[in-house]
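Novice: Using our numbering, the first residue of the sequence shown is number 7, and each one after it goes up by one. Glycine residues also receive a C-beta, built at the ideal position from the N, C-alpha and C atoms. For reference, the structure I am asking about is given below.
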Amino acid sequence: MNKELTPQDCIFHLLVKASKAGNRCWKQATADLGLTAVQGKVLNFMHNCGEITASELSKEVAIDNATLTGLLDRLEALELLERHTKSDDRRAILIRLTDQGQTLAEELYQRWQPANEQFLENFSDAETAMLRDMLKRF
């Protein structure tokens with residue numbers, strides 16, 4: 007027996023709401039650092055990356071290439087990262103954190119776990135694990 011799905015119960019709608027709530031939580035956790043939530047997300051992701059190509063970073067942080075380019079421009083202007091071409095493929099752009107960027111990324115990394123726990127405080131450990139496993143399928 008299938009009941010009709012309301013717009014409020016549509017999974018697309020619910021995922022957008024959850025994403026916005028997560029961004030608000032992360033923004034609150036990093037507000038004093040003078041970064042946007044997305045800038046913080048990129049720097050936090052790069053914390054343990056060393057070097058990564060722009061296309062790999064785009065996929066990992068789920069940001070389209072055009073948006074990422076502007077974001078990287080701003081982070082580079084803040085001297086938090088630097089870009090250079092790969093020696094074996096000049097079309098590929100490598101990104102790495104500067105020393106200043108690495109210091110900030112370490113601070114962001116320290117805030118990531120508590121913010122994640124706060125965001126999921128209404129879920130049991132089993133629910134959190136199930137949610138994480140389901141979302142990883144995307």
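1. Quick one: give me the first and last residue of the alpha helix (DSSP H) that LEU49 is part of.
2. When the Cα atoms are used, what is the spatial distance from LEU77 to GLN45?
3. 8 Å is my cut-off, CB to CB: does LYS33 come that close to chain B?
4. If distances are taken between C-alpha atoms only, which option among ALA60, TRP118, ALA135 and LEU81 comes closest to GLY28?
5. Are the CB atoms of LEU126 and THR134 nearer to each other than 8 Å?
6. For ILE17, which of helix, strand or coil comes out of DSSP?
7. Hey, would you say LEU137 sits closer than 8 Å to ASN50, going by beta carbons?
8. Figure out for me which residue from GLY40, HIS90, SER93 and ARG143 has the closest Cα to the Cα of ALA111.
9. When you compare only the Cα positions, how much space is there between GLY107 and LEU84?
Specialist: In short:
1. By one-based count along the sequence shown, residue 49 stands at place 43. First-last of the alpha helix (DSSP H) with LEU49: 43 to 52.
2. Here residue 77 refers to the residue found at position 71 of the sequence shown. Here residue 45 refers to the residue found at position 39 of the sequence shown. Going by the C-alpha atoms only, they are around 7 Å apart.
3. Considering every chain present, this structure includes no chain B. It has just one protein chain.
4. Counting from one through the sequence shown, the residue named residue 28 turns up at place 22. Nearest of ALA60, TRP118, ALA135 and LEU81 to GLY28, Cα basis: TRP118.
5. Indexing the sequence shown from 1 puts residue 126 at position 120. Indexing the sequence shown from 1 puts residue 134 at position 128. Closer than 8 Å, so yes.
6. Along the sequence shown, read from residue 1 onward, the residue named residue 17 stands at position 11. It is helical.
7. Taking the sequence shown and counting its residues from 1, one reaches residue 137 at position 131. Taking the sequence shown and counting its residues from 1, one reaches residue 50 at position 44. Cβ atoms of LEU137 and ASN50: not closer than 8 Å.
8. If you number the sequence shown from 1, residue 111 lands on position 105. For ALA111, the nearest C-alpha among the options comes from GLY40.
9. For the purposes of this step, residue 107 is taken as the residue at position 101 of the sequence shown. For the purposes of this step, residue 84 is taken as the residue at position 78 of the sequence shown. If I take the Cα positions, the gap works out to 9 Å.
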